[in-house]
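**Student:**
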Amino acid sequence: MGGYMELRHLRYFVAIAESGSFTVAAKQRLNTAQPSLSRQIRELEAEVGVQLLIRSRRGIELTAAGRAFLDHARIALDQAEAGREAARKAARPAKPTFVLGFLTGQEMDWLPEAINVLRDELPKIEITVLSKTSPWLAEALTRGKLDLAFMRAEPGMPSLMYQLVTKERLVVVLPRNHRLALLEEINPRELADENFITVSSTAPTVKAVIDEFISRSGVDIHPVHEADNLTMAMTLVVSTGGVCLLPAYAEKILPVSVISRPLAGEAPTIDLVVGYSKANTSQTLQRFLSRVDDLISKVDDLVPRSR
């Protein structure tokens, strides 16, 4: 393109072509004097070797050469801007990343306070948040893809450490128009003749707690469906008219056609923990762990829980 064409020539040309006027381009887009703008376009046309613009009664029109040149000028400006941004990013030191994981649904209670705990660190780190199943979170921690997760204490993960956050009670989830919905609490014996929906092996810790409770209760309950996640559990409750047991945090995402009721007597509970890898030496992780008790206290003040 020769030795004298500059980015400002391209910017001026594009501004005139898009506004259709030297005067408008000079005053409203380029903040320059019109004579100077005219001189810059003459230099550009001299460099390109053809006329790009024509003055007419209707304003400024592009020649055929000008229309062809316009697309390339825009591309060149876009590439120049992309190059400038890439250079700026390369010049900035990369921030370390802290990756937080949440058992899907738990982030509603715990993410705001987790961010508050990290507030002093925010200028120095980039925070990434993921919402997944507990087994997925455990695997990600072992592979170093997560720094910390609010999850279940998954068995068979010797490289992980857990710190108890809270004990969640299990509640009965059922259709709003179900006969048992009239009760303030539900005796496990009432579940014997119902279409019972349990969780699948995608949530092995919850499944183990439910299975142990059914066995200990002595009630003849035979699951007819298995749900892989909370959404599937709600869908099965609505579509089959069945009932299921879920951790109490699920109450926050129940559709209007589904309600929950506590179990009569001593309800089973399941631990929610923060998990992390023994091998993770992150200073941010250590500072977070040192403030977990404060985080628990603040969330419990807002959301009373079974302890």
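Counted from 1, the sequence shown has number 1259 at position 85 by the numbering used here; the numbering is strictly sequential. Glycine included, every Cβ here is placed at the ideal spot set by N, Cα and C. Treat the numbers as computed from the prediction; the structure is a model and nothing was measured.
(1) For Leu1338, which residues of its own chain have a beta-carbon under 7 Å away from its beta-carbon, when the five flanking residues on both sides are left out?
(2) Indicate whether Arg1435 and Val1380 have their beta-carbon atoms separated by less than 8 Å.
(3) Would you list the residues sitting across from Met1335 in a DSSP beta bridge?
(4) Among the candidates Thr1372, Val1383, Val1393 and Ile1388, whose CA atom is the shortest distance from the CA of Met1406?
(5) Mind checking who Ala1401 pairs with in its DSSP beta bridge?
(6) Can you find at least 3 beta carbon pairs, one from the segment 1295-1311 and one from the segment 1356-1363, that sit closer than 8 Å?
(7) Taking contact to mean at least 3 C-beta pairs separated by less than 8 Å, is the segment 1230-1242 in contact with the segment 1184-1192?
(8) What residue range does the beta strand (DSSP E) around Lys1306 cover?
(9) For the beta strand (DSSP E) containing Arg1229, name the first residue and the last one.
(10) Check whether the segment 1320-1328 and the segment 1448-1462 touch, using three or more Cβ-Cβ pairs below 8 Å as the test.
(11) Can the beta-carbon of Thr1278 be found closer than 8 Å to that of Thr1302?
(12) By alpha-carbon positions, which one of Ala1250, Ile1249 and Leu1227 ends up nearest to Ala1239?
(13) Is DSSP giving Arg1203 helix, strand or coil here?
(14) In terms of residues, what are the limits of the alpha helix (DSSP H) holding Val1383?
(15) Give the secondary structure of Lys1263 by DSSP, where H, G and I count as helix, E and B as strand, and everything else as coil.
(16) Could you tell me the alpha carbon to alpha carbon distance between Leu1251 and Glu1217, rounded to whole angstroms?
(17) In angstroms, rounded to a whole number, what distance separates the CA positions of Val1432 and Ala1355?
(18) Along the chain, where does the alpha helix (DSSP H) containing Arg1185 start, and where does it finish?
(19) Looking at Cys1418 and Phe1370, is the spacing between their C-beta atoms short of 8 Å?
(20) In the structure shown, what three-state DSSP assignment does Pro1442 receive?
(21) Take Leu1459 and list the residues in its own chain whose beta-carbon comes closer than 8 Å to its own, dropping the five residues that flank it on each side.
(22) My assumption, with CB atoms under 8 Å, is that Ile1340 sits in contact with Ile1470. Please give the rounded CB distance.
(23) Please report the distance separating the alpha-carbon of Val1224 from that of Gln1253.
(24) Assign Gln1202 to buried or exposed, taking buried as 16 or more other Cβ atoms, counted over all protein chains shown, within 10 Å of its Cβ.
(25) Helix, strand or coil, according to DSSP, for Thr1340 in the structure here?
(26) Please go through the same chain and pick out, in chain order, the residues whose beta-carbon is closer than 8 Å to the beta-carbon of Pro1429, but skip the five residues on each side of it.
(27) Reducing DSSP to helix, strand and coil, say where Arg1479 ends up.
(28) Pull up the distance between the alpha-carbon of Asn1290 and that of Arg1258, whole angstroms please.
(29) Could you tell me which residues DSSP puts in a beta bridge with Thr1271?
(30) Between the alpha carbons of Arg1248 and Val1347, how many angstroms are there, rounded?
(31) Going by Cα to Cα distance, which pick from Thr1414, Gly1330 and Ala1401 is closest to Arg1350?
(32) Grab me the residues of Ala1424's own chain with a C-beta within less than 6 Å of its C-beta, minus the 5 sequence neighbours each way, in chain order.
(33) By the DSSP assignment, the alpha helix (DSSP H) with Ser1210 in it spans what residues?
**Tutor:** Walking through what the data contain:
(1) As a working mapping, residue 1338 is identified with position 164 in the sequence shown. Excluding sequence neighbours, Leu1338 sits near Asp1445 and Val1447.
(2) Taking the sequence shown and counting its residues from 1, one reaches residue 1435 at position 261. Taking the sequence shown and counting its residues from 1, one reaches residue 1380 at position 206. Not in contact: Arg1435 and Val1380 (Cβ atoms no closer than 8 Å).
(3) If you number the sequence shown from 1, residue 1335 lands on position 161. Answer is Tyr1450, bridged to Met1335.
(4) Numbered from its first residue, the sequence shown carries residue 1406 at position 232. The shortest C-alpha separation from Met1406 is found at Thr1372.
(5) The residue you call residue 1401 lines up with position 227 of the sequence shown. Ala1401 is bridged to Val1373.
(6) no
(7) yes
(8) Taking the first residue of the sequence shown as 1, we reach residue 1306 at position 132. It spans Glu1300 to Lys1306 - the beta strand (DSSP E) in which Lys1306 sits, taken as one unbroken run.
(9) Against the sequence shown, residue 1229 aligns to sequence position 55. Leu1227 to Ser1230 is the span of the beta strand (DSSP E), which, as asked, contains Arg1229.
(10) yes
(11) The residue given as residue 1278 occupies position 104 in the sequence shown. The residue given as residue 1302 occupies position 128 in the sequence shown. No; because the gap between Cβ atoms is not below 8 Å, this pair is not in contact.
(12) Counted from its first residue, the sequence shown places residue 1239 at position 65. Ranking the options by Cα distance to Ala1239, first place goes to Leu1227.
(13) Position 29 of the sequence shown, counting from 1, holds the residue named residue 1203. Of the three classes helix, strand and coil, the one that applies to Arg1203 here is helix, per DSSP.
(14) In the sequence shown, residue 1383 corresponds to position 209, counting from 1. From DSSP, the alpha helix (DSSP H) with Val1383 extends over Pro1378 to Ser1391.
(15) As a position in the sequence shown, residue 1263 is number 89, starting the count at 1. Reduced to three states, the DSSP call for Lys1263 is helix.
(16) By one-based count along the sequence shown, residue 1251 stands at place 77. By one-based count along the sequence shown, residue 1217 stands at place 43. In a straight line, the C-alpha of Leu1251 is about 18 Å away from that of Glu1217.
(17) Numbered from 1 along the sequence shown, position 258 holds the residue referred to as residue 1432. Numbered from 1 along the sequence shown, position 181 holds the residue referred to as residue 1355. Roughly 10 Å between the two C-alpha positions.
(18) The residue given as residue 1185 occupies position 11 in the sequence shown. Its alpha helix (DSSP H) spans residues Leu1181 to Ser1193.
(19) Sequence index remark: in the sequence shown, residue 1370 carries index 196 (1-based). Sequence index remark: in the sequence shown, residue 1418 carries index 244 (1-based). Closer than 8 Å, so yes.
(20) By 1-based counting over the sequence shown, the position of residue 1442 is 268. Looking at Pro1442 - three-state DSSP - the assignment turns out to be coil, as it is neither helix nor strand.
(21) For the purposes of this step, residue 1459 is taken as residue 285 along the sequence shown, with counting starting at 1. Only Phe1272, Asp1321, Leu1322 and Tyr1450 meet the Cβ criterion.
(22) Residue 1340 sits at position 166 when you count from the first residue of the sequence shown. Residue 1470 sits at position 296 when you count from the first residue of the sequence shown. This sequence places Thr at residue 1340; Ile is not what is there. So it is a contact: roughly 7 Å between Cβ atoms.
(23) Counted from its first residue, the sequence shown places residue 1224 at position 50. Counted from its first residue, the sequence shown places residue 1253 at position 79. Their Cα atoms are separated by approximately 24 Å.
(24) Walking along the sequence shown from the start, residue 1202 turns up at place 28. By the 10 Å Cβ count, Gln1202 comes out exposed.
(25) As a first step, residue 1340 is located in the sequence shown; it is residue number 166 there, counting from the start. Strand at Thr1340.
(26) In the sequence shown, counting from the first residue as 1, residue 1429 sits at position 255. Met1408 and Val1412.
(27) For this step, residue 1479 is matched to residue 305 along the sequence shown. The predicted position of Arg1479 is uncertain, since its pLDDT is 46 and thus under 50; a value taken from the coordinates is nonetheless stated next. Arg1479: coil per DSSP, three-state reduction.
(28) The residue labelled residue 1290 in the question sits at position 116 within the sequence shown. The residue labelled residue 1258 in the question sits at position 84 within the sequence shown. Between Asn1290 and Arg1258, the C-alpha separation is close to 34 Å.
(29) Here residue 1271 refers to the residue found at position 97 of the sequence shown. DSSP output for Thr1271 lists Glu1300 as bridge partner(s).
(30) Position 74 of the sequence shown, counted from the first residue, corresponds to residue 1248. Position 173 of the sequence shown, counted from the first residue, corresponds to residue 1347. Approximately 59 Å, taken between the alpha carbons.
(31) The count along the sequence shown starts at 1 and reaches residue 1350 at position 176. Ranking Thr1414, Gly1330 and Ala1401 by Cα distance to Arg1350 puts Thr1414 first.
(32) Counting from one through the sequence shown, the residue named residue 1424 turns up at place 250. If we look at Ala1424 and ignore the five residues flanking it on each side, its Cβ neighbours are Leu1404.
(33) As a working note, residue 1210 is residue 36 in the sequence shown. Note, Ser1210: alpha helix (DSSP H), Gln1208 to Val1222.
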